[in-house]
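Enquirer: Residue numbers (the working numbering), protein chains in the order written: chain V, 140 to 417; chain X, 5 to 279; chain E, 14 to 247.
What follows is the structure, given as structure tokens:
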């Protein structure tokens with residue numbers, strides 16, 4: 140078993156020493172530097188809205204399908220938004236086929252919380268007729284390449300895909316009481332908030348790095364994800380255990396998250412603009 | 005009723021808006037002459053294919069293929085220790101294939117749970133790939149092939165076979181040959197090669213109800229052997245033979261593109277030549 | 014041999030000054046189950062949780078990690094199979110799974126397995142915080158070496174911007190944001206954070222400060238219950 144230590148203790152020590160000495164990570168990034176983020180929208184024509192996001196090697200695709208249903212009984216003037224994150228065995232050897240694992244469940248719950256907390260879309264906007272008919276937006280997020288920091292990529296993909304959605308016009312025929320869909324008249328959704336997440340990996344409270352790769356996530360002693368909106372409000376501070384952080388360190392993370400929000404918002408706007416010109 | 009607690013749940017029932025579209029008043033198009041995308045009927049007129057290797061950093065080998073609007077991505081992991089210890093084969097490795105549709109890949113939203121169609125496609129994929137892989141070189145281990153359809157616009161199985169064999173080659177798994185797939189829709193006397201989703205599921209053209217069916221052929225191109233053949237529908241013997249021949253021709257047309265993609269990947273992986 | 018049981022409740026006065034660190038009555042009983050190596054029940058407001066700790070025990074070869082103990086967390090409803098639990102219970106499990114190893118010195122026990130099993134008896138608004146407290150007391154009861162203790166505190170921000178610790182179900186429903194933090198006993202730092210709703214940076218910092226203050230009361234409660242329990246024996 141002695142040889143086994145090479146796989147766990149040594150890389151962590153080596154990593155720490157190198158990062159401390161050179162202030163530089165194995166892939167050449169500085170501690171506060173994100174990987175190159177690229178965004179591609181509308182690439183899946185079978186979806187009502189779609190987006191493909193790459194942060195370094197990490198690749199996430201989000202496809203949104205809109206369907207019609209009756210509004211929930213407890214909120215007759217609201218529609219549904221149903222986000223799900225899938226980590227298929229395709230994206231990394233750490234995932235097995237079958238029902239979603241722990242990490243996928245936690246990610247789905249996190250994305251649902253972010254949508255709810257940030258009020259990305261007013262759920263009243265996707266109700267067609269009170270108590271009778273509303274839209275349900277199935278936001279299916281799939282990881283194609285898992286190289287760390289999927290939560291940030293999931294949020295970008297979700298927001299970009301939502302901005303890409305075009306819903307057809309729906310009227311309710313007064314005589315037959317049936318829905319009539321007009322595919323020629325399509326409208327964009329009204330996106331009220333633009334939450335952007337920033338994930339950090341913590342190494343024993345001494346080193347905090349942004350946008351960890353899968354390897355760095357594995358070596359780290361804690362993870363934290365901060366989601367902010369464009370008004371510098373926080374929508375989520377998600378830290379599932381791990382090394383404890385002081386209030387000051389947390390403040391550093393939040394400051395970085397706010398600047399990241401501006402960078403990503405700019406990227407999304409640029410891509411939306413160039414898509415319109417096409 | 006069992007409920008899914010591992011996913012965010014939506015309403016119990018919902019319908020696709022496509023069901024409520026008002027019937028259009030325009031005249032139904034007459035497809036007898038050409039095809040909607042401008043290709044010719046009864047000719048080995050395959051859609052232009054875009055193929056790339058090595059897009060998934062975590063996988064041993066991977067491939068992405070795009071034919072028209074059909075988009076597939078495949079990753080290969082292994083050879084590694086078998087999951088199922090009770091089924092360890094000392095003489096030969098296991099090939100495990102998993103085919104999935106992304107929920108947004110079809111005109112109607114699919115479920116996250118693997119359906120019977122996906123299971124059938126996984127099996128079809130496995131059977132087409134088995135004759136090509138030198139599994140006896142990997143005793144006691146398993147090789148995993150995962151294919152995800154990002155967009156389904158017809159002929160998924162055929163392209164999945166091509167994509168998976170490309171990914172296997174990219175992973176450096178020893179193989180006798182590549183495997184290329186080609187699908188065909190027989191529509192009466194004429195056939196549509198590499199059909200789109202609409203052509204695949206669309207109603208037969210007016211007139212004869214005979215010779216309606218679909219064929220998918222998997223071919224080892226340099227050995228010129230067929231490794232997989234799937235056919236459904238009712239066809240006369242000579243029509244079926246003709247259909248298989250047309251599919252083989254379609255596969256051969258695909259070959260240079262796939263070869264190029266593979267050569268490109270090898271060139272990138274090869275160590276820089278000594279100066 | 015009768016187990017050393019102890020029922021101890023504590024009420025913290027509702028102070029009218031603002032922001033309050035008022036916590037409702039909470040109670041705890043340690044070592045109430047005979048099978049687990051350590052157990053505790055924790056009642057806080059309308060929420061009640063039972064936690065048991067098994068281990069250190071032999072680990073399955075397939076799950077063995079050679080330089081530290083393996084950790085498992087199970088969450089169970091009071092009746093029925095764990096499958097009926099919602100995703101939010103999964104969140105609790107996820108949090109505990111990442112939280113416990115930090116306070117436990119897992120590297121002291123090579124090739125051992127530890128299992129924390131949490132039963133949700135009455136599910137109320139502080140499910141996460143209550144589960145954390147119960148788990149920590151059960152770990153203490155099991156006598157495992159720990160780096161620090163931890164406790165969970167829930168805060169709610171109402172529409173006027175007032176912060177309430179330990180909110181009632183009604184307060185939670187009306188609130189603009191709800192946060193749960195796990196605080197460590199050594200330096201009172203944030204070990205875990207889980208939030209709902211949107212809030213400003215200063216509100217977050219205030220909530221953390223309030224939780225840190227409230228955590229003192231919970232740690233004092235931990236200390237009191239343990240010292241009372243052992244005062245009979247010593």
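Glycine included, each C-beta is placed from N, C-alpha and C at the ideal position.
Since we're looking at a predicted model, the values are computed, not measured.
(1) What are the residues that DSSP puts in a beta bridge with residue 90 of chain E?
(2) Do we get a CB-CB distance below 7 angstroms when we pair residue 31 of chain X with the residues of chain V?
(3) Under DSSP, the beta strand (DSSP E) around residue 75 of chain X begins and ends at which residues?
(4) DSSP three-state label for residue 126 of chain E, please.
(5) What are the residues in the stretch 90-112 of chain X lying within 8 angstroms of chain V by C-beta distance?
(6) Under a CB-based cut-off of 7 angstroms, is residue 58 of chain X close to chain V?
(7) For residue 110 of chain X, which three-state DSSP category applies?
(8) Can you tell which of X/71, X/122 and X/44 has the C-alpha that lies nearest to the C-alpha of residue 261 of chain X?
(9) Give the residues from the stretch 168-195 of chain X that approach chain V closer than 8 angstroms (Cβ to any Cβ), ordered along the chain.
(10) List the residues that DSSP assigns as beta-bridge partners of residue 321 of chain V.
(11) I'd like the span of the alpha helix (DSSP H) that includes residue 187 of chain X, first residue to last.
(12) I'd like the ranges of any beta strand (DSSP E) spanning at least 3 consecutive residues and lying wholly in the stretch 226-277 of chain V.
(13) Does residue 221 of chain V get closer than 7 angstroms to chain E when you measure Cβ to Cβ?
(14) Roughly how many angstroms separate the alpha carbons of residue 239 of chain X and residue 90 of chain E, rounded to a whole number?
(15) Mind checking if residue 404 of chain V is an interface residue toward chain X, Cβ cutoff 7 angstroms exclusive?
(16) To be precise: take each residue of the stretch 285-296 of chain V, compare its Cβ to all Cβ atoms of chain X, and keep it if any distance is under 8 angstroms. Which residues remain?
(17) Which ranges would you report for the alpha helix (DSSP H) in the stretch 327-399 of chain V if only whole runs of at least 4 residues count?
(18) So the beta strand (DSSP E) residue 60 of chain E belongs to, where does it begin and stop?
(19) Are the beta-carbon atoms of residue 223 of chain V and residue 291 of chain V separated by less than 7 angstroms?
(20) Please state if the CB of residue 154 of chain V and the CB of residue 328 of chain V are separated by a distance shorter than 7 angstroms.
(21) May I ask which residues mark the beginning and end of the beta strand (DSSP E) holding residue 177 of chain E?
(22) Assuming residue 185 of chain X contacts residue 163 of chain X under a Cβ cut-off of 8 angstroms, what Cβ separation, rounded to an integer in Å, is found between them?
(23) What residues of chain V sit near residue 51 of chain X, judged by a beta carbon separation below 7 angstroms?
(24) Using the Cα positions of residue 354 of chain V and residue 298 of chain V, report the straight-line distance between them to the nearest angstrom.
(25) Just confirm the distance between the C-beta atoms of residue 144 of chain X and residue 93 of chain X, as a whole number of angstroms; I'd bet it's less than 8 angstroms.
(26) Pull up the distance between the alpha-carbon of residue 92 of chain E and that of residue 151 of chain E, whole angstroms please.
(27) Determine the closest residue to residue 82 of chain X out of X/166, X/202, X/200 and X/146, with distance taken between C-alpha atoms.
(28) Which same chain residues end up closer than 6 angstroms to residue 352 of chain V when comparing Cβ atoms and leaving out the 5 residues on each side of it in sequence?
(29) What does a CB cutoff of less than 6 angstroms around residue 116 of chain E pick up in its chain, not counting 5 residues either side in sequence?
(30) Once the 5 residues before and after residue 14 of chain E are set aside, which same chain residues still bring their CB inside 6 angstroms of it?
(31) Nearest to residue 252 of chain V by CA position, among E/50, E/148, E/209 and E/129, is which residue?
(32) Enumerate, from N- to C-terminal direction, the unbroken beta strand (DSSP E) stretches of 3 or more residues contained entirely within the stretch 178-209 of chain V.
(33) State the DSSP-derived secondary structure class of residue 181 of chain E, mapped to helix, strand or coil.
(34) State the Cα-Cα distance for the pair residue 163 of chain V and residue 350 of chain V, rounded to the nearest angstrom.
(35) Does DSSP put residue 201 of chain E in a helix, in a strand, or in coil?
(36) Can you name, in chain order, every residue of its own chain whose Cβ lies under 6 angstroms from the Cβ of residue 420 of chain V, other than the five neighbours on each side?
Expert: The short version:
(1) Residue 90 of chain E is bridged to E/133.
(2) Confidence in residue 31 of chain X is poor, its pLDDT being 47 and thus under 50, which makes the residue's placement unreliable; the coordinate value appears in the next sentence. For residue 31 of chain X, the answer is no, since every Cβ of chain V falls outside 7 angstroms of its Cβ.
(3) 74-85 is the span of the beta strand (DSSP E), which, as asked, contains residue 75 of chain X.
(4) Here residue 126 of chain E sits in strand by DSSP.
(5) Listed in sequence order: 102, 104, 106, 107, 108, 109, 110 and 111.
(6) Chain V, which has no Cβ nearer than 7 angstroms to the Cβ of residue 58 of chain X, makes this no.
(7) In the structure shown, residue 110 of chain X sits in coil (DSSP, three-state: anything other than H, G, I, E or B).
(8) X/71 is the residue among X/71, X/122 and X/44 whose C-alpha sits nearest the C-alpha of residue 261 of chain X.
(9) Within the stretch 168-195 of chain X, no residue has a Cβ that lies closer than 8 angstroms to any Cβ of chain V.
(10) Residue 321 of chain V pairs with V/308.
(11) Element bounds for residue 187 of chain X: not the alpha helix (DSSP H) but the beta strand (DSSP E), 184-191.
(12) Listed in chain order, they are 266-268.
(13) Interface criterion not met: the Cβ of residue 221 of chain V is under 7 angstroms from no Cβ in chain E.
(14) Whole-angstrom Cα-Cα distance: 58 angstroms.
(15) Contact with chain X is absent for residue 404 of chain V, since none of that chain's Cβ atoms lies less than 7 angstroms from the residue's Cβ.
(16) Listed by position, the residues of the stretch 285-296 of chain V near chain X (Cβ gap below 8 angstroms) are 285 and 286.
(17) Runs of the alpha helix (DSSP H) lying entirely within the stretch 327-399 of chain V and spanning at least 4 residues, in chain order: 353-358.
(18) Run containing residue 60 of chain E: 60-71, per the beta strand (DSSP E) assignment.
(19) It is not a contact, given that the beta carbons lie outside the stated cut-off.
(20) No, Cβ-Cβ distance for residue 328 of chain V and residue 154 of chain V is not below 7 angstroms.
(21) Where residue 177 of chain E is concerned, the enclosing beta strand (DSSP E) stretches over 176-178.
(22) About 6 angstroms separates the beta carbons of residue 185 of chain X and residue 163 of chain X, which is inside the 8 angstroms limit, making them a contact pair.
(23) Residues of chain V passing the Cβ test: none, with the nearest at roughly 14 angstroms.
(24) Cα to Cα, residue 354 of chain V sits roughly 27 angstroms from residue 298 of chain V.
(25) Distance from residue 144 of chain X to residue 93 of chain X at the Cβ level is roughly 7 angstroms; contact confirmed, criterion being Cβ atoms closer than 8 angstroms.
(26) Cα to Cα, residue 92 of chain E sits roughly 21 angstroms from residue 151 of chain E.
(27) In terms of CA proximity to residue 82 of chain X, X/146 leads the group X/166, X/202, X/200 and X/146.
(28) By the criterion of a C-beta distance shorter than 6 angstroms, residue 352 of chain V is surrounded in its chain by 286 and 287, once the five residues flanking it on both sides are discounted.
(29) Only 159, 160, 161 and 163 meet the Cβ criterion.
(30) At residue 14 of chain E the pLDDT is 35, less than 50, meaning the model places this residue with poor confidence; the figure from the coordinates comes in the next sentence. No residues qualify anywhere along the chain.
(31) Among E/50, E/148, E/209 and E/129, the Cα nearest to that of residue 252 of chain V is on E/209.
(32) Listed in chain order, they are 188-194 and 197-208.
(33) Coil, per DSSP.
(34) Residue 350 of chain V has its alpha-carbon roughly 14 angstroms from the corresponding atom of residue 163 of chain V.
(35) If DSSP states are grouped into helix, strand and coil, residue 201 of chain E belongs with coil.
(36) Given a span of 140 to 417 for chain V in the structure shown, any question on residue 420 of chain V remains unanswerable.
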